[in-house]
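Note sheet for the following structure.
What follows is the structure, given as structure tokens:
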């Protein structure tokens, strides 16, 4: 069985993301069960699991020679041609608290590289997607505009979160202060995938992400790159599966951290902060 074209994989990702996103939108701001996963900063709702259960059968039906790696249910399927990374609700804390900043993220990997993906924000009505031919917003070509110069630049950034403070101590707060003063606008969105597409769309000039997993990054990486942004992964010890990978050969979407820059962006402070983050994590 031949592997479908990247355009077909993109359409499958869009269809599955839209179905799950519309389901989650119907449950948004309703009473829901919230459980803890790793700690009180890492939660899951019944709707995360239900949304993933909508996505996986659809993908396996459309592309049978697939395996799906979902945030909530793990690996399903026994195919070998395509690996799908699925975050059924990226931004679960926002979703559970009634904040309308969350999305569905689905990326397709072939031969170790992300080749198609979709990120659906049902609250805003935005479907971002990408394949070998480009990036799209609601089916129209998407091109990131030139990034703003440093004194007018904006960054979306989840750093530092509670785990960063636990791992790095006061140094994380010092770097946070430097980022706050280096950029004219600093926003924490609470969704890695949203941060990536914000750069792709030109709604932010840069993004800094740490602690992510492949389902957080896969689709957004491709969308950002196809839109003209640059994706610069970086590696550091996490105590998780990424520590077992060879950073010289592993796919960029498998790295725990990344800088994403709009076209022409030049923000040396961002790379300096990342160098210090990596040094602290390496001990």
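In full-length UniProt numbering, the protein residues as written are 1 to 283. Note that beta-carbon positions come from the ideal geometry of N, C-alpha and C, so glycine has one too. These numbers come from a predicted model, not from an experiment.
* As assigned by DSSP and simplified to three states, the class of residue 128 -> Your numbering for residue 128 matches position 128 in the chain shown. If DSSP states are grouped into helix, strand and coil, residue 128 belongs with the strands.
* Asked: So, are the CB atoms of residue 172 and residue 265 less than 9 Å apart?
  -> For the purposes of this step, residue 172 is identified with residue 172 of the chain shown, where counting begins at 1. For the purposes of this step, residue 265 is identified with residue 265 of the chain shown, where counting begins at 1. Taking 9 Å as the Cβ cut-off, residue 172 and residue 265 do not qualify as a contacting pair.
* Asked: With DSSP run on the structure shown, which of helix, strand or coil describes residue 113?
  -> Here residue 113 is taken as the residue at index 113 of the chain shown, counted from 1. It is a strand residue.
* Leaving aside the five residues before and after residue 145 along the sequence, list all residues of the same chain whose C-beta is less than 8 Å from its C-beta, in chain order. => Numbered from 1 along the chain shown, position 145 holds the residue referred to as residue 145. Excluding positions up to five away in sequence, the list reads 202, 262 and 263.
* **Helix, strand or coil at residue 264 [DSSP, three-state]** => Taking the first residue of the chain shown as 1, we reach residue 264 at position 264. If DSSP states are grouped into helix, strand and coil, residue 264 belongs with coil.
* **Entirely enclosed beta strand (DSSP E) segments - the segment 178 to 248, minimum 3 residues** => 185 to 187, 206 to 209 and 230 to 234
* **With 16 other Cβ atoms within 10 Å as the buried cut-off, status of residue 222** => Residue numbering aside, residue 222 sits at position 222 when the chain shown is read from its first letter. When all chains shown are included, residue 222 counts as buried.
* Asked: Taking DSSP as the reference, what is the three-state secondary structure of residue 137?
  -> In the chain shown, counting from the first residue as 1, residue 137 sits at position 137. In the structure shown, residue 137 sits in a strand (DSSP, three-state: E or B).
* Asked: Can you list the beta strand (DSSP E) stretches of 3 or more residues lying completely in the segment 23 to 64, in chain order?
  -> 34 to 36 and 43 to 45
* Asked: Around the C-beta of residue 242, are 16 or more other C-beta atoms found within 10 angstroms, so that it is buried, or is it exposed?
  -> Counting from one through the chain shown, the residue named residue 242 turns up at place 242. Counting Cβ neighbours within 10 Å, residue 242 comes out buried, since at least 16 surround it.
* **Boundaries of the alpha helix (DSSP H) in which residue 162 is found, first to last residue** => In the chain shown, the residue the question calls residue 162 occupies position 162. Segment 162 to 168, the alpha helix (DSSP H) holding residue 162.
* Determine the DSSP secondary structure at residue 3, reduced to helix, strand or coil. => Walking along the chain shown from the start, residue 3 turns up at place 3. Three-state DSSP puts residue 3 in coil, outside helix and strand.
* To do: Helix, strand or coil for residue 171, going by three-state DSSP, please let me know.
  => Taking the first residue of the chain shown as position 1, residue 171 is located at position 171. Helix.
* Using the rule of at least 16 other Cβ atoms within 10 Å of the residue's Cβ for burial, across every protein chain shown, is residue 253 buried or exposed? -> For the purposes of this step, residue 253 is taken as residue 253 along the chain shown, with counting starting at 1. Per the 10 Å Cβ criterion, buried.
* Would you decide whether residue 41 is buried or exposed? Buried here means 16 or more other CB atoms lie within 10 Å of its CB. => For this step, residue 41 is matched to residue 41 along the chain shown. Exposed.
* Under 9 Å between the Cβ atoms of residue 260 and residue 199? -> Within the chain shown, residue 260 is the residue found at index 260, counting from 1. Within the chain shown, residue 199 is the residue found at index 199, counting from 1. Yes.
* If you draw a straight line from the C-alpha of residue 52 to the C-alpha of residue 195, how long is it? -> As a first step, residue 52 is located in the chain shown; it is residue number 52 there, counting from the start. As a first step, residue 195 is located in the chain shown; it is residue number 195 there, counting from the start. Rounded to the nearest angstrom, the two C-alpha atoms are 21 Å apart.
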